[in-house]
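In this note's numbering, the protein residues as written are 270 to 435.
Structure, rendered in structure tokens:
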């Protein structure tokens, strides 16, 4: 296991890298409120199968850099971070796996940088068009997705996390 900070899109991203460097690149994007370690059970099987697996802490999480300002966390910026990781790996393309918030970012990477992906594997998040349609038309889905709106309210989520000792 190699731990390494990689500069990507102007930020330092902490990565854990395992497997043969010449194996197909797999980048695994974690969800909220997780970090790279959320994938540790899956990494062994992938490296044993010959994959070069990178599990980064995404921008703003754990050991990766935490830029100021909400604009630094726009999906375009997060997608550029992933594209930069692929470039830094020396591979032309990657198999991108995303879970939860990492899946939302992975969908955005597929939209903005399709030429950088060999395969896209999504866990727990529908295609963005399907999600927007459900949020617009289905009150039950809005209720299930309340937390996404909650986290967009200035200051309140931070207060709530302090109260719950996160």
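Think of the CB as a built atom: it goes at the ideal place given N, C-alpha and C, for glycine as much as any other residue.
In the assembly as shown, residue 330 is a buried residue. Its beta-carbon has 16 or more other beta-carbons within 10 Å. Taking 8 Å as the cut-off, the beta carbon of residue 283 is found no closer than this to the beta carbon of residue 350.
One alpha carbon belongs to residue 410, the other to residue 289, and they sit about 42 Å apart. With 16 or more other Cβ atoms from the protein chains shown falling within 10 Å of its own Cβ, residue 297 counts as buried. Judged by DSSP secondary structure, residue 276 falls within the beta strand (DSSP E) whose first and last residues are 271-277. By the neighbour-count criterion, in which a residue is buried when 16 or more other Cβ atoms sit within 10 angstroms of its Cβ, residue 385 is buried. Beta-bridge partners assigned by DSSP to residue 324: 285. Beta-bridge annotation (DSSP): residue 341 is not paired with any residue.
Bridge partners of residue 310 according to DSSP: none are assigned. Boundaries of the beta strand (DSSP E) harbouring residue 295: 294-298, taken from the DSSP string.
For the 8 Å CB-CB criterion, residue 389 and residue 375 form a contact. The C-beta separation of residue 285 from residue 272 comes to about 5 Å, placing the pair in contact by the 8 Å criterion. Bounds of any beta strand (DSSP E) do not take in residue 402; it lies within the alpha helix (DSSP H) bounded by 397-406. Secondary structure of residue 428 (DSSP, three-state): helix. In the DSSP secondary-structure assignment, residue 368 is bridged to 392. Beta bridge pairing from DSSP links residue 280 with 277.
Rounded to whole angstroms, residue 318 and residue 425 show a C-alpha spacing of 45 Å.
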